[in-house]
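Chains as they are written, first to last, in the numbering used here: chain U, 204 to 429; chain D, -16 to 460.
Accompanying notes for the structure given below.
Take a look at the structure:
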């Protein structure tokens, strides 16, 4: 392995990660500077249960009509985000435990996840370009973020065999994009995962307090029967 | 009924109508003179003022909704405006929320301040842009929160729309109807400008009606009686257009042997502050109610049938008024359940034989906690109850929510998007649609007329009053 690739996989990634963590920390401090809205009414339900329900919504496609009615979109969402998880895992394993990728089945599993996420990324990009609704609400950041991730998955598929002795270019491309990704993420919509726990927590806490979350399906005991 | 689709640019370019504002200035309206209601001033830097107010009004919750949207577009499938107008992408909730989000990004958020074009961040250029913003947030969203509950990220678009409405209200850039109702609320303590004389007279009239019906001169609607079990609060619409609903409620309380009263002031459980986004007005109206209950040493506040009234009085009002809740408040639905369950009133479901469906008010089902309560009652007071689909917190808005009924300029669009609700109603085959909200009564009545549906709107209290078994009277029959 060339010294260039070694530094790119190790030191450069650490610096990029540190940069991302720093920006994220500043971002959270910024957000917490805004005053918190307070609920001072007596509760009907539990804010904690509501918050937990809200946070778990992502794993409950039956709980939201938007997921129930668009199950294929939900499946795409799962594949895409699993792809992100697998690709991030790969960037952490490759530099420090390269033997892990000597087993071909493991390489194939990682490639499968990232390949599927790449396909979903393409579908998402096409949807964003062709749907009038998506075109209207999309910003250059939205297009770039999806395109960047989609390309990153493709790079990941080629980098996975970790055969730098054959050619270093797939790895240079993958880690180069990872660096760009880490630096760009805090300024882009990709950072939504940083906000996700907060938006869902705030909504869930209020809705839990008011007894709206967990959402009722029918058959629950009405108030007044005490 | 016409299938014509509204040209959306006709809606978003509706001019700012200032007739009522000028009239209020000429008449030296106290709310205007005291600065409680703002009038539009073209000589002020309204854009700058909006930006300053935005900065001050942001909370952690609203900021998380402003930064959290990923533009996935899932919200378009949940909005009745977007579903009824699939050809019109501007109906997408994310687009509507983006109108304030792009201002936030340009003025407050960091990426938008440095690279505005990259995230479509921009500030309004002039008052014309603010007027367009007004037409979008007041005219194309009823704040029903259906998109909120269907957002994978938990972005509360309805709260962002309300935030924007509040900013524009502070600048006097509002629909005429909103200005008038805000002004009336400040000046009379109720949103329909009902005078105290009219209120008292209406209660006396209803008292006589019930006395005659029950043949019981001892029946009283007591006003300002202290130390009662509860204080009953109503919607001004009941005083003005539907006083019999007060009579029904009071008759039921009487039959249940209840100790209750109504306040002479602080009786309006509705709150236009919810719709205009004016927290100060919201706090003022809600505080009137809470202080009336305190003054009368009532043990509870009971809120008559109204979605936004319940949401405002039970939930938001305490927060707006920063008033620590000292006594319980409940919907009259819960009071009715208690009566029926404890056998304090007897009901005969065979008196309501027509097929009935139930419309969940957005404010009761998505912003409140009442979905099973009306159904529990309906199952006991009618013989043919049919669910509407989707229902409960997935139900569609009556299309009259968010103060839409007071903004006549947007009615053609409202009627067009009401097709979603009309189809939902039609599919039930019911002859009566029951709701527990006065606002929904008017919203549904409008669309039933527009779409020529063979259906009537009723409320739970109407049906309970019909099913109520009055021993002496029934013996006579």
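From the three backbone atoms N, C-alpha and C, an ideal C-beta is built for every residue, glycine too.
All of these numbers come straight from a predicted model, not from anything done at the bench.
Q) So with Cβ pairs under 8 Å, would you call residue 395/U a contact of chain D? A) Answer yes: the Cβ-Cβ gap between residue 395/U and chain D drops below 8 Å somewhere.
Q | Inter-stretch contact at 8 Å, needing at least 3 Cβ pairs: the region 135 to 150 of chain D / the region 229 to 236 of chain D | A | Under the 8 Å Cβ criterion, the region 135 to 150 of chain D does not count as touching the region 229 to 236 of chain D, having fewer than three qualifying pairs.
**Q.** Own chain, CB closer than 6 Å to residue 304/U, minus 5 neighbours either side, in chain order
**A.** So the qualifying residues of the chain are 310, 365.
Q: Report the rounded CA-to-CA distance for residue 388/U versus residue 243/U, giving the unit in angstroms.
A: Taking the straight line from one Cα to the other gives about 37 Å.
**Q.** Beta-carbon separation (whole angstroms), residue 446/D vs residue 364/D, contact threshold 8 Å
**A.** With a Cβ gap of about 5 Å, residue 446/D and residue 364/D count as contacting.
Q.
Which of the three DSSP states is assigned to residue 175/D in this structure?
A. Correct three-state label for residue 175/D: coil.
Q. Looking at C-alpha atoms only, which residue of 355/D, 330/D, 16/D is the closest neighbour of residue 170/D?
A. If you compare the alpha carbons of 355/D, 330/D, 16/D with that of residue 170/D, the shortest gap goes to 16/D.
Q) What residues in the region 364 to 376 of chain U have a beta carbon less than 8 Å from any beta carbon of chain D? A) Correct list: empty, as no residue qualifies.
Q: Along the beta strand (DSSP E) that carries residue 314/D, what are the first and last residues, could you check?
A: Its beta strand (DSSP E) spans residues 312 to 314.
Q) If we count the other Cβ atoms within 10 Å of its Cβ and call it buried at 16 or more, is residue 155/D buried or exposed? A) By the C-beta density criterion, residue 155/D is buried, having at least 16 other C-beta atoms within 10 angstroms.
Q) So is residue -16/D buried or exposed if we call it buried at 16+ other beta carbons inside 10 Å? A) For residue -16/D, the pLDDT reaches just 47, beneath the cut-off of 50, and the residue's location in the model is therefore unreliable, leaving the point undetermined.
Q | residue 376/D: contacting residues in chain U (beta-carbon distance under 8 Å) | A | For residue 376/D, the chain U residues whose Cβ falls inside 8 Å of its Cβ are 415, 418, 419, in order along the chain.
(Q) So residue 337/U contacts chain D; which residues on that side make the cut at Cβ distance below 8 Å? (A) Within 8 Å Cβ-Cβ: 54, 56.
Q: Can you have a look at residue 212/U and say buried or exposed, based on whether 16 or more other CB atoms are within 10 angstroms of its CB?
A: Result: buried.
Q) Between residue 291/D and chain U, is there a C-beta pair that is closer than 8 Å? A) Taking Cβ atoms only, chain U never reaches closer than 8 Å to residue 291/D, which makes this a no.
Q | Contact check, residue 315/D vs residue 118/D, beta carbons under 8 Å | A | Going by C-beta atoms, residue 315/D is not nearer than 8 Å to residue 118/D.
(Q) Rounded to whole angstroms, what is the Cα-Cα separation between residue 250/D and residue 307/D? (A) Going by the C-alpha atoms only, they are around 19 Å apart.
Q) What is the residue span of the alpha helix (DSSP H) that residue 287/U lies within? A) Start and end: 274 to 299.
Q) Okay, do the region 328 to 344 of chain U and the region 49 to 65 of chain D touch, 3+ Cβ pairs below 8 Å being the bar? A) Between the region 328 to 344 of chain U and the region 49 to 65 of chain D, the count of Cβ pairs shorter than 8 Å is three or higher; the stretches touch.
Q: Mind reading off the beta-carbon distance from residue 212/D to residue 242/D? Whole number of angstroms is fine, and I expect it under 8 Å.
A: Rounded, the Cβ-Cβ distance is 5 Å, consistent with contact.
Q.
My output table needs one value for residue 199/D: the three-state DSSP class, helix, strand or coil.
A. Residue 199/D sits in coil when the DSSP states are folded into three classes, being neither helix nor strand.
Q: Would you mind sorting residue 259/D into buried or exposed? The rule is 16 or more other CB atoms within 10 Å of its CB.
A: Flag for residue 259/D reads buried.
Q. Taking 8 Å as the CB-CB cut-off, is residue 78/D touching chain U?
A. So, interface residue.
Q.
So the candidates are 348/D, 424/D, -10/D; which of them puts its Cα closest to the Cα of residue 70/D?
A. Of 348/D, 424/D, -10/D, the residue nearest in Cα terms is -10/D.
Q. Residue 337/D: buried (16+ other C-beta within 10 angstroms of its C-beta) or exposed?
A. Residue environment analysis places residue 337/D among the exposed positions, since fewer than 16 neighbouring C-beta atoms fall within 10 angstroms of its C-beta.
**Q.** Nearest-angstrom beta carbon gap, residue 147/D and residue 164/D [assumed within contact, 8 Å]
**A.** In fact, because the Cβ distance is near 18 Å, the residues do not count as touching under 8 Å.
(Q) Quick check: is the beta carbon of residue 317/D nearer than 8 Å to any beta carbon in chain U? (A) Answer yes: the Cβ-Cβ gap between residue 317/D and chain U drops below 8 Å somewhere.
Q: Can you pull the chain C residues whose beta carbon is under 9 Å from the beta carbon of residue 248/U, in chain order?
A: Among the protein chains in the structure shown, which are U and D, there is no chain C.
Q: Tell me, please, which residues DSSP counts as bridged to residue 284/D.
A: Beta-bridge analysis with DSSP links residue 284/D to 214/D, 312/D.
Q | Below-8 Å beta-carbon distance, residue 384/U vs any chain D residue | A | No, its Cβ sits nowhere closer than 8 Å to a Cβ of chain D.
(Q) For a test of the three-state rule: what should DSSP assign to residue 423/D, helix, strand or coil? (A) Correct three-state label for residue 423/D: helix.
Q | Neighbouring residues, chain D, relative to residue 428/U (Cβ below 7 Å) | A | Going along chain D in sequence order, the residues near residue 428/U (Cβ under 7 Å) are 320, 324.
Q: State the DSSP-derived secondary structure class of residue 339/D, mapped to helix, strand or coil.
A: Residue 339/D: strand per DSSP, three-state reduction.
Q. Would a C-beta distance cut-off of 8 Å place residue 202/D and residue 194/D closer than the cut-off?
A. Residue 194/D is positioned such that its CB atom lies closer than 8 Å to that of residue 202/D.
Q. Do the CB positions of residue 237/U and residue 408/D come within less than 8 Å of each other?
A. No.
Q: Can you pull the chain U residues whose beta carbon is under 8 Å from the beta carbon of residue 308/D, in chain order?
A: Simply 243, 244, 245.
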